[in-house]
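Asker:
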Amino acid sequence: MIRLEKRPEPSRFWTAVTPVLAVLTTMIAGGVLFAMLGKDPLESIRTIFWDPLFNAQFADFARPQLLVKAGPLILIALGLSLGFRAGIWNIGAEGQYIAGAICGAGVALAFYPLDSWIVFPLMVLAGALGGWAWGMIPALLKIRFGTNEILVSLMLVYVAEQFLASMSLGLLRNPEGHGFPGSRNLQEYPAAANTEIIAGTGMHWGVMTAFLAVIAAYVLLNRHILGFHIRLAGQSPRAARFAGVSPPLLVAFCLGTSGALAGLAGLFEVAGPAGQISIDFNVGYGFTAIIVAFLGRLHPVGILLAGLLMALTYIGGELAQFMLGLPAAAIQAFQGMLLFFLLGFDVFSNYRVRRVTSEVA
Amino acid sequence: MDLSAINPLVLVASLMVAATPILLAAIGELVVEKAGVLNLGVEGMMITGAICGFATAVETGSPLLGFLAAFAGGAALSLVFGVLTQVFLSNQVATGLALTLFGLGLSSLMGQGYTGIKPPPTARIEIPVLADLPVVGRILFQHDWVVYASLLLVAGVWAFLRYTRAGLVLRAVGESHDAAHALGYKVVRIRILAILFGGACAGLGGAYISLVRVPQWTDGMTSGAGWIALAIVVFASWKAPRVLLGAYLFGGVAVLQLNLQAAGIAIPVEYLSMAPYLITILVLVIMSADRSRAALNAPASLGRSFHASS
């Protein structure tokens, strides 16, 4: 007979090991999935995880993409992890990402064609504010009325998507675009473009911001009283109340910050890699970031690594699509599977598995 | 704009069709939550049911087999959630989200090659005598069999929770799993059965979208219906008859919004399409504003993991 015995606190060893175990198991299960789709499993796994980095033919193109894709994932996941630690579930980052992109691009297009250094900082500010405001809607409703933030933040994703469609067909549409939906391309507007800081590396201002945010989040969680309150509220809400933690403040801070970071991610994306506001601007970073946050154990450094890994599956997935004809959806299922295995293996972090020999009563 | 183009009779009749998927998913989730489990994977189970049902119906030519496959597909996916949360004691919120993300990917993978196909039509049942009634006959008694089955299901769940011993045990598990365990009820087994029922219902709801309401297969076609179903359970304050009310209310909003689009009202299409989501938020706010009542009705053990520490 096997019995689970609750650990007084999560095992540090298992907390660090489970993500690695989960990735390995997902590779095996993914291989089985790919084999069922009629692809060579070993070749598929190699194409996804190895070729983008080390195959001479693709690496020149793929390596910079790693940072381009990881940047927004890390930025969004860091914000989400603050809330997840405190038991505040913002799952509408996709909507906040869209809101930030629309606000940032809106500022840029309002100044067009002014050529001044002030344009880009203003866009960054607008992007962060847009995402923050979108994230504060569920926060204020939760504080004032006790509304469930999971459902509200998610509903707002669908609202944001419709708003995005309306913007790219209406207000923000390129007046010289011959009636096609979509805004002006910000890449062609030097004062607003989010360019690579070091050419050929994929390192743009958004990636830089993501790295800075990792450090800031680490300091906040380990060296600041607010970070302590966040961790306390997640581990023991009752103790947190005795310690004088204000739940409304925490809700506003966590949802507002994660909204602002998701908004920033959206702004850097629209001014950089995507270039323009269009109907299909959002590609699901806000949802994948949930997986990144958990895979990174809600820890800033872990999230950095998890973001890079998840970016790799995106790039490798595209490569596998191109080389082996693997459907794009297979990667999405693969990423979902990863989260399953991670959550399943977590039982070892929180519980001790004991073999029990049946005793005579 | 031509509002006279909207026929109120057709509106009410299509309201029932629009509400049925949400109704099926919500009544399943109600049972799950009554057992004390919060499964946020409704959207994922619905979309999986949608493609399982669609693919099976197209391959076999039988919508009935399609719905059976959707039933099984939704239940199978929910079993993953059940095992993870009940046996491996994972966080229910996180696992539910994982279920939705995985379901969306899996369904789009399974749906390759099924876009642009028309499914076999689902049989309508014209209830004898009643269907010939003027006005009411056309609105209420000329639907396909799934609409009637969903109504029977709501009645069944209501009676089960209220009048049967098994229903009482299920509610006890949801209110206090420790007390139920002490009384000798198998908490984990009961919860997994409830989760399976919820998954099967969500699967049926999804298949109704792909086989009857749209009827077609496109990626991500449930577009938030599963989340609206979750909101309806809150709206209904965990009572079966009010799930019916909530689902039909939302069906009404969805249909009215589509009709206004067709009638060419001056509001842009995008803003009309936001309506169901905005109204969901509004309803959630109204329901949770009355804190004492909302807290009284929610099952006390909702979302908490059960671990028998002997």
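So the protein lines, in turn, are chains V and X. Under our numbering, read the first sequence as residues 1 to 361, first letter to last. Under our numbering, read the second sequence as residues 1001 to 1310, first letter to last. Ideal placement from N, C-alpha and C gives every residue a C-beta, glycine not left out. As the structure is a prediction and not an experimental result, all values here were calculated from the model.
DSSP three-state label for residue 197 of chain V, please.
Answerer: Residue numbering aside, residue 197 of chain V sits at position 197 when the first sequence is read from its first letter. If DSSP states are grouped into helix, strand and coil, residue 197 of chain V belongs with the strands.
Asker: Alpha carbons only, please: which of X/1100, X/1128, X/1053 and X/1104 is nearest the one belonging to residue 1118 of chain X?
Answerer: Here residue 1118 of chain X is taken as the residue at index 118 of the second sequence, counted from 1. Nearest of X/1100, X/1128, X/1053 and X/1104 to residue 1118 of chain X, Cα basis: X/1053.
Asker: I want to know whether the region 147-155 of chain V touches the region 238-246 of chain V - three or more CB-CB distances under 8 Å.
Answerer: no
Asker: State the CB to CB distance for the pair residue 344 of chain V and residue 1084 of chain X, rounded to an integer number of angstroms; the pair is presumed to be in contact (CB under 8 Å).
Answerer: Here residue 344 of chain V refers to the residue found at position 344 when the first sequence is read from its first residue. Here residue 1084 of chain X refers to the residue found at position 84 when the second sequence is read from its first residue. Indeed, because the Cβ distance is near 5 Å, the residues count as touching under 8 Å.
Asker: For residue 250 of chain V and residue 69 of chain V, I'd like the C-alpha separation in whole angstroms.
Answerer: Counted from its first residue, the first sequence places residue 250 of chain V at position 250. Counted from its first residue, the first sequence places residue 69 of chain V at position 69. The straight-line gap from Cα to Cα measures roughly 30 Å.
Asker: How would you list, in chain order, the residues of chain X whose beta-carbon sits under 7 Å from the beta-carbon of residue 152 of chain V?
Answerer: As a first step, residue 152 of chain V must be located in the first sequence, where it is residue number 152. Within chain X, the residues near residue 152 of chain V are 1281 and 1284.
Asker: Can you pull the chain X residues whose beta carbon is under 9 Å from the beta carbon of residue 329 of chain V, in chain order?
Answerer: Indexing the first sequence from 1 puts residue 329 of chain V at position 329. The contacting residues are 1104, 1105, 1106, 1107, 1108, 1109, 1110, 1111, 1112 and 1219.
Asker: Report the neighbours of residue 32 of chain V on chain X: residues whose CB is nearer than 7 Å to its CB, in chain order.
Answerer: Taking the first residue of the first sequence as 1, we reach residue 32 of chain V at position 32. Ordered by position in chain X, no residue passes the 7 Å Cβ test against residue 32 of chain V, which lies about 13 Å from the chain.
Asker: Check the DSSP bridge columns for residue 1144 of chain X and list the partner residues they point to.
Answerer: On the second sequence, position 144 is the one that residue 1144 of chain X refers to. Answer by DSSP bridge pairing, in chain order: X/1124.
Asker: Sort out for me which residues DSSP pairs residue 1099 of chain X with in a bridge.
Answerer: In the second sequence, counting from the first residue as 1, residue 1099 of chain X sits at position 99. Per DSSP, none; premise fails for residue 1099 of chain X.
Asker: Between which two residues does the beta strand (DSSP E) harbouring residue 1195 of chain X extend?
Answerer: Here residue 1195 of chain X is taken as the residue at index 195 of the second sequence, counted from 1. No beta strand (DSSP E) contains residue 1195 of chain X, which is instead part of the alpha helix (DSSP H) from 1187-1208.
Asker: Please list the terminal residues of the continuous beta strand (DSSP E) segment that includes residue 351 of chain V.
Answerer: The count along the first sequence starts at 1 and reaches residue 351 of chain V at position 351. 351-355 is the span of the beta strand (DSSP E), which, as asked, contains residue 351 of chain V.
Asker: For residue 1016 of chain X, tell me which candidate among X/1255, X/1234 and X/1261 has the shortest Cα-Cα distance.
Answerer: Translated into positions along the second sequence, residue 1016 of chain X becomes position 16. Of X/1255, X/1234 and X/1261, the residue nearest in Cα terms is X/1255.
Asker: Does DSSP classify residue 1117 of chain X as helix, strand or coil?
Answerer: Residue mapping note: residue 1117 of chain X aligns to position 117 of the second sequence, counting from 1. Note: residue 1117 of chain X maps to coil in three-state DSSP.
Asker: Label residue 277 of chain V either buried or exposed according to how many other C-beta atoms from any shown protein chain fall within 10 Å of its C-beta, with 16 as the threshold for buried.
Answerer: To locate residue 277 of chain V, count along the first sequence from 1; it is residue 277. Residue 277 of chain V should be labelled buried.
Asker: Under 8 Å: do the region 1235-1248 of chain X and the region 1105-1125 of chain X share three or more Cβ pairs, one atom per stretch?
Answerer: Using a C-beta cut-off of 8 Å, the region 1235-1248 of chain X makes no contact with the region 1105-1125 of chain X, since fewer than three inter-stretch Cβ pairs fall below that distance.
Asker: Please confirm if residue 132 of chain V has its CB atom under 8 Å from at least one CB of chain X.
Answerer: Here residue 132 of chain V refers to the residue found at position 132 when the first sequence is read from its first residue. No, residue 132 of chain V does not count as interfacial toward chain X.
Asker: On a CA-only basis, which of V/355, V/310 and V/340 is nearest residue 73 of chain V? Give me that one, please.
Answerer: By one-based count along the first sequence, residue 73 of chain V stands at place 73. For the residues V/355, V/310 and V/340, the minimum Cα distance to residue 73 of chain V belongs to V/310.
Asker: What residues of chain X sit near residue 14 of chain V, judged by a beta carbon separation below 9 Å?
Answerer: Residue mapping note: residue 14 of chain V aligns to position 14 of the first sequence, counting from 1. Within chain X, no residue comes near residue 14 of chain V; the closest Cβ sits about 13 Å away, beyond 9 Å.
Asker: Measure the CB-CB distance between residue 100 of chain V and residue 159 of chain V and report whether it falls below 8 Å.
Answerer: Mapped onto the first sequence, residue 100 of chain V falls at position 100. Mapped onto the first sequence, residue 159 of chain V falls at position 159. No, the pair does not count as a contact, with Cβ atoms beyond the cut-off.
Asker: For the region 1226-1234 of chain X against the region 1009-1025 of chain X, are there 3 or more C-beta pairs whose distance is under 8 Å?
Answerer: yes
Asker: Which term fits residue 61 of chain V, buried or exposed, when burial requires 16 or more other beta carbons within 10 angstroms of its beta carbon?
Answerer: Here residue 61 of chain V corresponds to residue number 61 of the first sequence, with the count starting at 1. Counting Cβ neighbours within 10 Å, residue 61 of chain V comes out exposed, since fewer than 16 surround it.
Asker: Given a cut-off of 8 Å on the beta-carbon distance, is the pair residue 1284 of chain X and residue 1231 of chain X in contact?
Answerer: Taking the second sequence and counting its residues from 1, the one referred to as residue 1284 of chain X is at position 284. Taking the second sequence and counting its residues from 1, the one referred to as residue 1231 of chain X is at position 231. Yes.
Asker: Using CA atoms only, rank isn't needed, just tell me which of X/1142, X/1120 and X/1121 is closest to residue 1127 of chain X.
Answerer: Here residue 1127 of chain X refers to the residue found at position 127 of the second sequence. Cα-wise, what sits closest to residue 1127 of chain X is X/1142.
Asker: At least one CB of chain X closer than 8 Å to the CB of residue 82 of chain V: is that the case?
Answerer: Numbered from its first residue, the first sequence carries residue 82 of chain V at position 82. No, no contact with chain X.
Asker: Would you report the Cα separation of residue 108 of chain V and residue 215 of chain V, rounded to the nearest angstrom?
Answerer: Taking the first sequence and counting its residues from 1, the one referred to as residue 108 of chain V is at position 108. Taking the first sequence and counting its residues from 1, the one referred to as residue 215 of chain V is at position 215. Cα to Cα, the separation comes out at about 29 Å.
Asker: Does residue 361 of chain V have its Cβ less than 8 Å from a Cβ in chain X?
Answerer: Position 361 of the first sequence, counted from the first residue, corresponds to residue 361 of chain V. Unreliable positioning characterises residue 361 of chain V in this predicted model, as indicated by a pLDDT of 48, which lies under 50. A coordinate reading is not provided.
Asker: With which residues is residue 337 of chain V paired in a DSSP beta bridge?
Answerer: Here the question's residue 337 of chain V lines up with position 337 in the first sequence. Per DSSP, none; premise fails for residue 337 of chain V.
Asker: Could you check the C-alpha separation between residue 131 of chain V and residue 1156 of chain X for me, to the nearest Å?
Answerer: Locating residue 131 of chain V in the first sequence gives position 131, counting from the first residue. Locating residue 1156 of chain X in the second sequence gives position 156, counting from the first residue. Distance between the alpha carbons of residue 131 of chain V and residue 1156 of chain X: 45 Å.
Asker: Going by beta-carbon coordinates alone, are residue 945 of chain X and residue 1032 of chain X separated by less than 8 Å?
Answerer: The first residue shown for chain X is 1001 and the last is 1310, placing residue 945 of chain X beyond what the model contains.
Asker: Is DSSP giving residue 5 of chain V helix, strand or coil here?
Answerer: One-based indexing of the first sequence puts residue 5 of chain V at position 5. Taken through DSSP and simplified to helix, strand or coil, residue 5 of chain V comes out as strand.
Asker: Spatial neighbours of residue 11 of chain V within its chain, please: CB distance less than 6 Å, with the 5 preceding and 5 following residues excluded, ordered by chain position.
Answerer: Indexing the first sequence from 1 puts residue 11 of chain V at position 11. Cβ within range, chain order: 349.
Asker: For residue 1214 of chain X, tell me which candidate among X/1014, X/1101, X/1010 and X/1008 has the shortest Cα-Cα distance.
Answerer: Sequence index remark: in the second sequence, residue 1214 of chain X carries index 214 (1-based). It is X/1014.
Asker: Residue 1304 of chain X by DSSP, collapsed to three states: which one?
Answerer: Looking up residue 1304 of chain X in the second sequence gives position 304. Coil.
Asker: Under a CB-based cut-off of 8 Å, is residue 1268 of chain X close to chain V?
Answerer: One-based indexing of the second sequence puts residue 1268 of chain X at position 268. Yes, residue 1268 of chain X counts as interfacial toward chain V.
Asker: At the 8 Å Cβ level, is residue 1208 of chain X part of the contact set with chain V, yes or no?
Answerer: Within the second sequence, the letter at position 208 stands for residue 1208 of chain X. Not closer than 8 Å to any Cβ of chain V, the Cβ of residue 1208 of chain X fails to qualify, so no.
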